[in-house]
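Protein chains: 2
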Amino acid sequence: MSDKIGIGLLGLGTVGSGIIHILEHHKKELMAKTGAADVDIRRVLVRDLEKQRDGHVNRDLYTTRAEEVLEDPNIDLVVEVMGGVEEARQYIEKALKNRKHIVTANKDLMALHGDELLALADRQNCELLYEASVAGGIPILRSLTEGLASDRITKMIGIVNGTTNYMLTKMTQEELSYDEALQQAQELGFAESDPTADVEGLDAARKMVILARLGFYASVQLDEVHLKGMTAVTAEDIAFGQQLGYTLKLIGLAERNEEGVEVSVEPVFIPDSHPLASVHDEYNAVYVYGEAVGETMFYGPGAGSLPTATAVVSDVVSVIRQIRLGTAKAEVNLSADEETVLKKDEDIYAKYFIRLHAHDVAGAFKKITSVFTSNKVSFEKLIQLPLDSTDLAEVAMVTHETSRSSLEKISDDLASLDVVETVKSRYRVEGGEVDVPEQRDLALV
Amino acid sequence: MSDKIGIGLLGLGTVGSGIIHILEHHKKELMAKTGAADVDIRRVLVRDLEKQRDGHVNRDLYTTRAEEVLEDPNIDLVVEVMGGVEEARQYIEKALKNRKHIVTANKDLMALHGDELLALADRQNCELLYEASVAGGIPILRSLTEGLASDRITKMIGIVNGTTNYMLTKMTQEELSYDEALQQAQELGFAESDPTADVEGLDAARKMVILARLGFYASVQLDEVHLKGMTAVTAEDIAFGQQLGYTLKLIGLAERNEEGVEVSVEPVFIPDSHPLASVHDEYNAVYVYGEAVGETMFYGPGAGSLPTATAVVSDVVSVIRQIRLGTAKAEVNLSADEETVLKKDEDIYAKYFIRLHAHDVAGAFKKITSVFTSNKVSFEKLIQLPLDSTDLAEVAMVTHETSRSSLEKISDDLASLDVVETVKSRYRVEGGEVDVPEQRDLALV
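Residue numbers (UniProt numbering), protein chains in the order written: chain A, 1 to 445; chain B, 1 to 445.
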């Protein structure tokens, strides 16, 4: 058991500098917590030796040659905060082959290549931790693996993308359109000039793949995530949901039962009174259902260099403890245990919100309800508003639980009715019942 | 370093049985996580040997003689879940003197005697962990000491008592009176027949003393907590706050800055849009401000035997790791570092909500505002409603930040005005600005 721990750092951007800052300012606590006699940064891979940087790390430690980190026998633990996928993967593989433990904040890498890298770490008897890769400042992964270690997680519902949550908050509170909200997010730096990965739900999907692995020990591939972004969300959908007592959020969901595992990312209506509905702006939160503990939620900043650096250092502390305990790779062994079965669409049950434009004629109500009856699905809520200066009525309803495949069928059946002009939108509903102010239960006459 | 860990259990109620259940069902994971070759329950102190109990622990392990747990050289770790203060304290002291590590779920004990027991543990080179003593199911203490280990916590605002949160939720959502809410809570088993410890804020104060110790390494005594219960809260206060965009919660607050530490428990108005405002019914949550990580929140069930047992087992895992790392008592050393200075009332700044009945006569507004002007405090919000069939008007206002001592002065000055009939109530306001729907900013004419 080694008492001196050598760290090699790949990347020295804002997160890397934050890590160095924390490691230096909390050295005493780190040593006390881990029982290590010394924790030292021994090499730092940078792209440019000459660039001026904040922080106090000795410039002699800088190198532009990755081998000097990956092959240095004095380095026990490699911290990867360089980002990108291909290069980072090669470096981590090489480090693992040289029996170095890894801490990474790289969500793209872990979502795409997590399984193979964890398997390699396992074979090499090394630890690979990645708390910082999901929801930066929220100690969610640590809580899943430590605090709730003796529980069984059955479901996680998360707001895990700050950009889209900022946009949806603005669309809800200030009734902005999608385009206006996107523009505002871009102006404030919350959205990239190409926002695809955020608004299409890809970023959230990557995080859910990682959460499913940590929470369920499940191996789900990115292309197995049921994915629907928020580009089609309208201010009308949001306003209509509000009349029924719901707030719209882009939700990453992971659930398991006897039939298997489901991972999805889509816009979902949440009751206003549910804690997730109060997660505003760029904040993130994950709502966790555990068999013993019941319902818990972890809330915090989803990103940011200091929160991410804090999470990386927590992982570093864990790895050092594992090294000293001789338990490194215990987590990995656990995660390889189960064969992951994905749930089929007919086994995925949820409530749904459906909004449509119907012709305001006698018998319309009967035809619409008969679609639900013939598909053996009832609905718990229905609201109708006349549309200005047309013969159309706007109808929104919330079904009882039904399978994803039934929903498709109902949606098609409704669209084919002569009294239905258009099925405008449909959204999954999660988070339990709405606290019902009775007047909301209007009936279609 | 020992590879076989012997556990002695004090108490076998629902929490104790839950612990045995978890330890048996997760033995493999526990051994993998801690690197221990064996984790075994070796003795269980019970009051009655003959009582039938659920669970599978070998009845030969039962004893009614505490020494058989406290003096057994094969026991490394004593888990105290018997409750009560005096007896539990004596047992823990004796166990520590015999150099056994301790895990306890006993909040009363830790709030009253935490300092001395931690000091004793320190001298004996033993670990004393008490995660389960605060907010059972929320991994808040673990997060404070582990996940946020490398951060500096500056403030914690918590809903840490399920009984009072249940009552306030009913008073808010269903407009129940205090008495009706209490009766309902008692009928449902959320409140004791003598609810004093809950409604007077004592239970919350105990938890805040523990949180301040964990988050700030501060030693605050129970009688140093600024304490105001919820017995004087009326449905009118709650309704008036709602009109200004606030929800009333019984809040435990701990804050530190250069001037010192403040710990309080009192009913506080929180903006409706703040995540704490959505913590309903018997749920608990703690909102934490960290210098690096920013704002995070931990939410979950505040009590319950399975959540508490889960938290106890997490502490057991930590202690076993510490034993094996040789770092036991590291946390305790840290907590003894700082000399705790309590903030004075003139250094405790907050916004306040004040509600009063004023005579609806010319010049009333001027006299009321002049009290604020002469005390150099401005207010950011004011609402007035006429009272039915009287010449009185109901006035509520929210001040800008002012010291606790100024507030006393303002309150006295207002009460002495001839145009003020009564100062009905005043509450602290926390959690930032209300998202302002403009029409709420009504002016007194």
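For each residue, glycine too, the CB sits at the ideal point set by N, CA and C.
Opposing strand residues paired with residue i [DSSP bridges]
| i | result |
| --- | --- |
| Q384(B) | V395(B) |
| M156(B) | A254(B), V288(B) |
| K351(A) | V429(A) |
| P267(B) | L250(B) |
| L342(B) | V261(B) |
| M297(B) | Y299(A), Y287(B) |
| G8(A) | R43(A), V78(A) |
| T422(B) | H357(B) |
| T402(B) | A350(B) |
| F379(A) | T399(A) |
Proximal residues to residue i (C-beta, below 6 Å), its chain only, five neighbours per side dropped
| i | result |
| --- | --- |
| A396(B) | F240, R355, I383 |
| R404(A) | D345, I348 |
| S335(A) | Reliability of the predicted coordinates at S335(A) is poor, the pLDDT of 46 falling under 50, and the value obtained from them is presented with this limitation in mind. Taken in chain order, the residues that qualify are Y217. |
| E24(B) | none |
| L442(B) | Because the pLDDT at L442(B) is just 38, under 50, the model does not fix this residue reliably, and the value given afterwards should be weighed accordingly. The residues are I383. |
| L176(A) | K170 |
Any C-beta of chain A under 8 Å from that of residue i
| i | result |
| --- | --- |
| F298(B) | yes |
| T63(B) | no |
| R213(B) | no |
| I138(B) | yes |
| residue 490(B) | Here chain B covers residues 1 to 445 and nothing more, so residue 490(B) does not appear. |
| R321(B) | yes |
| A277(B) | yes |
| H226(B) | no |
| D151(B) | yes |
| S133(B) | no |
| H280(B) | yes |
| T247(B) | no |
| T104(B) | no |
Spatial neighbours of residue i in its chain, beta-carbon cut-off 7 Å, leaving aside the 5 residues before and after
| i | result |
| --- | --- |
| S406(A) | N375, V377 |
| A309(A) | V15, G18, I19, I22 |
| A204(A) | V160, N161, L250, G252, V265 |
| L12(B) | V44, V46, R53 |
| I270(A) | Y246, T247, K249, L276, A277, E430, G431 |
| N333(A) | At N333(A) the pLDDT is 42, less than 50, meaning the model places this residue with poor confidence; the figure from the coordinates comes in the next sentence. Same-chain partners within the cutoff: D122. |
| L49(A) | Y62, T64 |
| D337(B) | In this prediction, D337(B) scores a pLDDT of 48, lower than 50, which makes its location untrustworthy; the coordinate-derived value is nonetheless stated afterwards. Only Y217 meet the Cβ criterion. |
| R428(A) | E266, V268, A350, Y352 |
Test: residue i CB closer than 8 Å to a CB of chain B
| i | result |
| --- | --- |
| A218(A) | no |
| R324(A) | yes |
| R206(A) | no |
| H101(A) | no |
| S264(A) | no |
| V81(A) | no |
| G304(A) | yes |
| T390(A) | no |
| Q439(A) | Interpretation of Q439(A) is limited by its pLDDT of 38, a score under 50 that renders its predicted location unreliable; no figure is taken from the coordinates. |
| E295(A) | yes |
| S273(A) | yes |
| T154(A) | no |
Chain-order list of residues whose beta-carbon lies under 8 Å from that of residue i (same chain, five-residue window excluded)
| i | result |
| --- | --- |
| R42(A) | G6, I7, G8, L61, D72, N74, I75 |
| F372(B) | S378, F379, T399, I410 |
| A37(A) | D3, K4, M31 |
| R426(A) | Y352, F353, I354, R355, L407, S411 |
| H113(A) | V85, R89 |
| P195(A) | T163, L182, A185, Q186 |
Quiz item: Which runs of the alpha helix (DSSP H) spanning at least 4 residues fall entirely within the region 173 to 251 of chain B, listed in chain order?
Solution: 178 to 187, 196 to 199, 202 to 216, 235 to 243
Self-check item: Cβ pair count under 8 Å reaching 3, the region 338 to 353 of chain A against the region 56 to 67 of chain A
Solution: no
Quiz item: Contact between the region 305 to 323 of chain A and the region 229 to 244 of chain A: three or more CB pairs below 8 Å?
Solution: no
Practice problem: Would you list, in sequence order, the uninterrupted alpha helix (DSSP H) runs of no fewer than 4 residues that lie entirely inside the region 16 to 76 of chain B? | Solution: Complete alpha helix (DSSP H) runs here, min 4: 27 to 34, 67 to 70.
Quiz item: Between the region 74 to 93 of chain A and the region 179 to 195 of chain A, do at least 3 Cβ pairs fall closer than 8 Å?
Solution: no
Quiz prompt | Contained beta strand (DSSP E) runs [length at least 3] in the region 66 to 129 of chain B, N- to C-terminal order | solution = 77 to 80, 101 to 104
Practice problem: Answer yes if the region 126 to 133 of chain B comes into contact with the region 98 to 105 of chain B, meaning at least three C-beta pairs across the two stretches below 8 Å, and no otherwise. | Solution: The way I'd put it, the region 98 to 105 of chain B does touch the region 126 to 133 of chain B; three or more beta-carbon pairs between them come closer than 8 Å.
Quiz prompt | the region 164 to 172 of chain B contacting the region 279 to 292 of chain B, beta-carbon criterion three pairs below 8 Å | solution = yes
Practice problem: Could you list the residues in the region 29 to 47 of chain A with a C-beta less than 8 Å from some C-beta on chain C, going in chain order? | Solution: Absent from the structure: chain C. Protein chains present are A and B.
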